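Chains as they are written, first to last, in the working numbering: chain A, 1 to 119; chain B, 1001 to 1130. Accompanying notes for the structure given below.
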Amino acid sequence: MIWTLAAFAIGLLTGVVASDARTPHTRYVPLLSGFALGISLMLILVFTTPTNPYVGFVFLFGEILSSAFYTAWIWSRIFPEIGLSYGQILGQEFAHPSYVRRQYSAKLYEEGLARPATD
Amino acid sequence: MLVFGLLIAGSCVGVLTASARVPHVRVLPSVICFALAIGTVVALMGAGRSDAVTILAFLGGMFVSSSLYSGLIWVRIFPEGQRTLLQFAVLDFVNPPVLRREYASRFEPADSSTNNRQPVSDQTDVESLS
């Protein structure tokens, strides 16, 4: 039980870090670092404790959950012009994630803030 | 073997720390990064591997990669700062608030005396502001 909770906690941490590296635009180095850390923690957990290897799914569940919540929080903070509430943005994260991203890039483009595709 | 692993882990934590604190501090990712760092050191001590080399490898990798990656971000998004990557990296190691203040002052009107935090600083990974 304690190891299942640990896997869930690792998933929550990885989700926040990955969401931070992906919103509002993807930055690959932090994204890969975050996943490398989370997955190596999970490997250590699976191979050094007498737990069921299927706790990997608990890790995945925590990752998806905290990633969606934190991404919706970032969007509602930096892009209130979209006119959706926090819960609606959260729903879009599951239903149609690229919707908010496209609205945001359209806004940047209109304001002359669009950046060349480096990074 | 363990030393190299910790060097890599420290580099990963450092990159995350830099990306969570540049160009402005985001609280939750920063807290997670420091929790990861402290947790790793405590876990090493708990596992009886608290010799100086392993812990220094972790912390060294963390600080070096954090400074270098911060310098890389600053060079990319803040070319008006007129510094090279190494100068940015050293300044970020020594006194990061200087850079953050300099960067934030670019987005404020010249005559504003209030220091309200502008949400525009979240869109700041743009290359050119018209």
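Note that the Cβ used here is the ideal one computed from N, Cα and C, for glycine as well. Keep in mind the model is a prediction, meaning the values are calculated, not measured.
Under 8 Å between C-beta atoms of residue i and residue j
{"i": "residue 59 (chain A)", "j": "residue 11 (chain A)", "result": "yes"}
{"i": "residue 1033 (chain B)", "j": "residue 33 (chain A)", "result": "no"}
{"i": "residue 1026 (chain B)", "j": "residue 1020 (chain B)", "result": "yes"}
{"i": "residue 4 (chain A)", "j": "residue 55 (chain A)", "result": "yes"}
{"i": "residue 1057 (chain B)", "j": "residue 1007 (chain B)", "result": "yes"}
{"i": "residue 15 (chain A)", "j": "residue 64 (chain A)", "result": "yes"}
{"i": "residue 18 (chain A)", "j": "residue 67 (chain A)", "result": "yes"}
{"i": "residue 1062 (chain B)", "j": "residue 1010 (chain B)", "result": "yes"}
Outcome for residue i when other beta-carbon atoms lying within 10 angstroms are tallied against a minimum of 16
{"i": "residue 1014 (chain B)", "result": "buried"}
{"i": "residue 1116 (chain B)", "result": "With a pLDDT of 45 at residue 1116 (chain B), under the threshold of 50, the modelled position of this residue cannot be trusted, and the question is left open."}
{"i": "residue 80 (chain A)", "result": "exposed"}
{"i": "residue 86 (chain A)", "result": "exposed"}
{"i": "residue 1088 (chain B)", "result": "buried"}
{"i": "residue 1029 (chain B)", "result": "buried"}
{"i": "residue 92 (chain A)", "result": "buried"}
{"i": "residue 1105 (chain B)", "result": "exposed"}
{"i": "residue 1 (chain A)", "result": "exposed"}
{"i": "residue 30 (chain A)", "result": "buried"}
For residue i, three-class secondary structure by DSSP
{"i": "residue 85 (chain A)", "result": "coil"}
{"i": "residue 92 (chain A)", "result": "helix"}
{"i": "residue 1062 (chain B)", "result": "helix"}
{"i": "residue 1126 (chain B)", "result": "Confidence at residue 1126 (chain B) is low in this model, with a pLDDT of 48, below 50, so its placement is unreliable and the value that follows should be read with caution. Coil."}
{"i": "residue 79 (chain A)", "result": "coil"}
{"i": "residue 109 (chain A)", "result": "helix"}
{"i": "residue 1079 (chain B)", "result": "helix"}
{"i": "residue 53 (chain A)", "result": "coil"}
{"i": "residue 42 (chain A)", "result": "helix"}
{"i": "residue 1022 (chain B)", "result": "coil"}
{"i": "residue 20 (chain A)", "result": "helix"}
Neighbour flag for residue i against chain B, beta carbons, 8 Å
{"i": "residue 50 (chain A)", "result": "no"}
{"i": "residue 34 (chain A)", "result": "yes"}
{"i": "residue 53 (chain A)", "result": "no"}
{"i": "residue 27 (chain A)", "result": "yes"}
{"i": "residue 21 (chain A)", "result": "yes"}
{"i": "residue 100 (chain A)", "result": "no"}
{"i": "residue 30 (chain A)", "result": "yes"}
{"i": "residue 43 (chain A)", "result": "no"}
{"i": "residue 37 (chain A)", "result": "yes"}
Chain A within 8 Å of residue i, Cβ atoms only
{"i": "residue 1028 (chain B)", "result": "yes"}
{"i": "residue 1038 (chain B)", "result": "no"}
{"i": "residue 1032 (chain B)", "result": "yes"}
{"i": "residue 1103 (chain B)", "result": "no"}
{"i": "residue 1019 (chain B)", "result": "yes"}
{"i": "residue 1016 (chain B)", "result": "yes"}
{"i": "residue 1089 (chain B)", "result": "no"}
{"i": "residue 1003 (chain B)", "result": "no"}
{"i": "residue 1013 (chain B)", "result": "yes"}
{"i": "residue 1057 (chain B)", "result": "no"}
Q | the stretch 1084-1095 of chain B in contact with the stretch 1061-1071 of chain B per 3-pair CB rule at 8 Å | A | yes
Q.
Under 8 Å: do the stretch 69-80 of chain A and the stretch 1040-1057 of chain B share three or more Cβ pairs, one atom per stretch?
A. no
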